[in-house]
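Protein chains in written order, with the working numbering: chain A, 43 to 410; chain B, 11 to 231.
We put the beta carbon where it would ideally sit given N, CA and C, even for glycine.
It should be emphasised that the depicted structure is a prediction, and the values quoted were computed from it without experimental measurement.
Shown next, in structure tokens, is the structure this report addresses.
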């Protein structure tokens, strides 16, 4: 068991940040329970109903005063270090609000129902101090529970943030490797193939017809690898938006789906001007979204549209006419994880809509 | 007639050497400089003397790309022809050049199968102001409203509601059939109308017009 030290007891007493809502509920239930016997004392019928109404309204006064005072104290509070004495003084001042409302309640209840609502004049110092201790204890219990919940919530939020950061880190690492591989393939492999091709061509004239024929075939083979296969791999690994733009890059991407699905790409000129980071995010979201369209159907047709409005807000929409799927099914899988990571990197909002038989539509909206 | 004065910019040293040697063999060309990056070219008054520049699109990653360099060269010498070649597809690159500046620009994909004569031809034509940009261009990036795309702008939920509406069902029946609330169906219907008939006037018979439009789209898709 943990040692109960004096320090811990002090920390338990306070000070706490006030929660006006909790304070209101607590004192309201106390006042209401104190006044309820007055209602049941009335003869049943109209008199009892009207007493209930009056009690209900009057019971709002003390807790409202406390809640407002707590709210204002909270606003005005600018302690550099938590101060227990100041906190106790604040609570005592709050309790003295009873001097204001008690005579008022007393006079109404006395004259209407002959009910003696204890006035402050009958309260001596000892009762005041006892009540103060009770109130401090009640506040401590309430706020202690709240503090625990807040701590847990903060921890959960920290974990979520941590996970988000980890996921972004993974995405960035993955993109870095893709970029490196892609530029190696472009700068070295593709270029070397090109140089070899030109060299072969330059010796062509000096040889026999048979050798020329072999060289021709070799060049065309190299060229095919260089300008078709490698070009496609380089583009899909890490699209070059400077060279091809977003629309051009997406058009290279959909070549691999063309035999299965007719895909229309619409990209407006404002979206082409987005920073490369946003372009890459949009590209990856579309890549995974189209994979989803293919997996759930496949769809016959799909539309990809990327638009950016005058305020700089962009919208990605991937919509198909496939058979659609259950939302739960669509919401899992690696593709969705990649999309979600990019949505969070872009600070965006994702909306998914699918109805069996009526296709699938993914929308991602993100700010500038 | 004097030979066409050519600047050559290519960051790959092997290719720059081999293609540079090849180009200098032509009597119609005079290779007045070959460079590996944009900074080297821009520091020379050579640009004013050149008739045309052959530029690789992908230059140093931290510097200008080929198109940006071409634009910079044009600002120094407004008559210089610009030829861009690349391992990337050149078809999307035309739109990167300001419209007013496009004449005298040519683009081609890098190829080991091209003969010296092919290079000479495109370089000479470009230097005389006859660029091929119009043939290469993949078309401008425009905000075209494609008819059939309207169908895809409807959410699947709206599509399912519209197709029941097209069968003559009212909002109440649709709500029951799809297990949705009546007010939700009404809301989705009016959203679907707004997508289907973006220019509708309030007094039009929206429902009939929207259903007709939806059925037309279904035939299209």
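Closest Cα partner of residue 92 of chain B within the set B/34, B/222, B/173 and B/17: As a working note, residue 92 of chain B is residue 82 in the second chain. When each option's Cα is compared against that of residue 92 of chain B, the closest is B/17.
Delimiting residues of the alpha helix (DSSP H) encompassing residue 140 of chain B: If you number the second chain from 1, residue 140 of chain B lands on position 130. Premise fails: residue 140 of chain B is in no alpha helix (DSSP H) and is neither H nor E.
Validate contact between the stretch 292-300 of chain A and the stretch 254-263 of chain A using beta carbons, cut 8 Å, 3 pairs: no
Where the beta strand (DSSP E) containing residue 94 of chain B begins and where it ends: For the purposes of this step, residue 94 of chain B is taken as residue 84 along the second chain, with counting starting at 1. It spans 91-96 - the beta strand (DSSP E) in which residue 94 of chain B sits, taken as one unbroken run.
Sufficient close CB pairs (3 or more, under 8 Å) joining the stretch 377-384 of chain A to the stretch 20-34 of chain B: no
Cβ-Cβ separation, residue 68 of chain A to residue 184 of chain A (assumed contact under 8 Å), whole Å: As a working mapping, residue 184 of chain A is identified with position 142 in the first chain. As a working mapping, residue 68 of chain A is identified with position 26 in the first chain. Indeed they touch by this definition, with Cβ atoms about 6 Å apart.
For residue 235 of chain B, three-class secondary structure by DSSP: Nothing can be reported for residue 235 of chain B, as the shown portion of chain B is limited to 11 through 231.
Near-chain A residues of the stretch 192-226 of chain B - C-beta to any C-beta below 7 Å: none
For residue 40 of chain B, three-class secondary structure by DSSP: Counting from one through the second chain, the residue named residue 40 of chain B turns up at place 30. Residue 40 of chain B: strand per DSSP, three-state reduction.
Partner residues on chain E for residue 236 of chain A, Cβ-Cβ distance less than 7 Å: Given the protein chain composition of this structure (A and B), no chain E is represented.
Cβ shell of residue 423 of chain A (< 6 Å), same chain only, five flanking positions each side left out: Within the shown structure, residues of chain A are numbered from 43 to 410, placing residue 423 of chain A beyond reach of any answer.
Minimum C-alpha distance to residue 46 of chain B - residue among B/35, B/30, B/40 and B/34: Here residue 46 of chain B corresponds to residue number 36 of the second chain, with the count starting at 1. Comparing Cα positions, the closest option is B/30.
Chain B within 8 Å of residue 345 of chain A, Cβ atoms only: Residue mapping note: residue 345 of chain A aligns to position 303 of the first chain, counting from 1. Answer yes: the Cβ-Cβ gap between residue 345 of chain A and chain B drops below 8 Å somewhere.
Under 8 Å between C-beta atoms of residue 126 of chain B and residue 32 of chain B: For the purposes of this step, residue 126 of chain B is taken as the residue at position 116 of the second chain. For the purposes of this step, residue 32 of chain B is taken as the residue at position 22 of the second chain. Yes, Cβ-Cβ distance for residue 126 of chain B and residue 32 of chain B is below 8 Å.
Residue of A/116, A/140, A/254 and A/395 minimising C-alpha distance to residue 334 of chain A: Here residue 334 of chain A is taken as the residue at index 292 of the first chain, counted from 1. Residue 334 of chain A has its Cα closest to that of A/395, out of A/116, A/140, A/254 and A/395.
Cβ neighbours of residue 153 of chain B in the same chain (closer than 8 Å, five flanking residues each side left out): Looking up residue 153 of chain B in the second chain gives position 143. Any reading at residue 153 of chain B is ruled out, since the residue's pLDDT is 43, under 50, leaving its predicted position unreliable.
Secondary structure of residue 71 of chain B, DSSP reduced to three states: Numbered from its first residue, the second chain carries residue 71 of chain B at position 61. In this structure, residue 71 of chain B counts as coil in the three-state DSSP scheme.
The stretch 252-269 of chain A: positions lying closer than 8 Å to chain B by Cβ: 261, 262, 264, 265, 268 and 269
Residue 116 of chain B - containing beta strand (DSSP E), residue span: As a first step, residue 116 of chain B must be located in the second chain, where it is residue number 106. Looking at the DSSP string, the run of the beta strand (DSSP E) that includes residue 116 of chain B is 115-119.
Cα-Cα separation, residue 324 of chain A to residue 286 of chain A: Reading the first chain from its first residue, position 282 is the one you call residue 324 of chain A. Reading the first chain from its first residue, position 244 is the one you call residue 286 of chain A. When rounded, the distance between both Cα atoms is 15 Å.
Range covered by the alpha helix (DSSP H) that runs through residue 244 of chain A: Residue 244 of chain A sits at position 202 when you count from the first residue of the first chain. 233-246 is the extent of the alpha helix (DSSP H) around residue 244 of chain A.
Cutoff 6 Å; reference residue 172 of chain B; Cβ partners in own chain excluding five residues on either side: Residue mapping note: residue 172 of chain B aligns to position 162 of the second chain, counting from 1. Answer for residue 172 of chain B: 202 and 224, listed in chain order.
Cβ-heavy atom distance, residue 126 of chain B to the ligand HEM, below 7 Å: Summarising the ligand content, the structure contains no ligands, and the ligand HEM is consequently not present.
Residue 117 of chain B at chain A interface by Cβ criterion, 8 Å: Translated into the one-based positions of the second chain, residue 117 of chain B becomes position 107. So, not an interface residue.
First and last residue of the uninterrupted alpha helix (DSSP H) at residue 30 of chain A: Outside the modelled stretch of chain A, which goes from 43 to 410, sits residue 30 of chain A, for which no answer is possible.
Reduced DSSP secondary structure (H/G/I, E/B, other) of residue 33 of chain B: Position 23 of the second chain holds residue 33 of chain B. In this structure, residue 33 of chain B counts as helix in the three-state DSSP scheme.
Short Cβ contact (8 Å threshold) for residue 392 of chain A with residue 363 of chain A: As a first step, residue 392 of chain A is located in the first chain; it is residue number 350 there, counting from the start. As a first step, residue 363 of chain A is located in the first chain; it is residue number 321 there, counting from the start. Going by C-beta atoms, residue 392 of chain A is not nearer than 8 Å to residue 363 of chain A.
Rounded distance between the beta-carbons of residue 157 of chain A and residue 56 of chain A, thought under 8 Å: What you label residue 56 of chain A is simply residue 14 of the first chain in a count that begins at 1. What you label residue 157 of chain A is simply residue 115 of the first chain in a count that begins at 1. 34 Å between Cβ atoms; not a contact.
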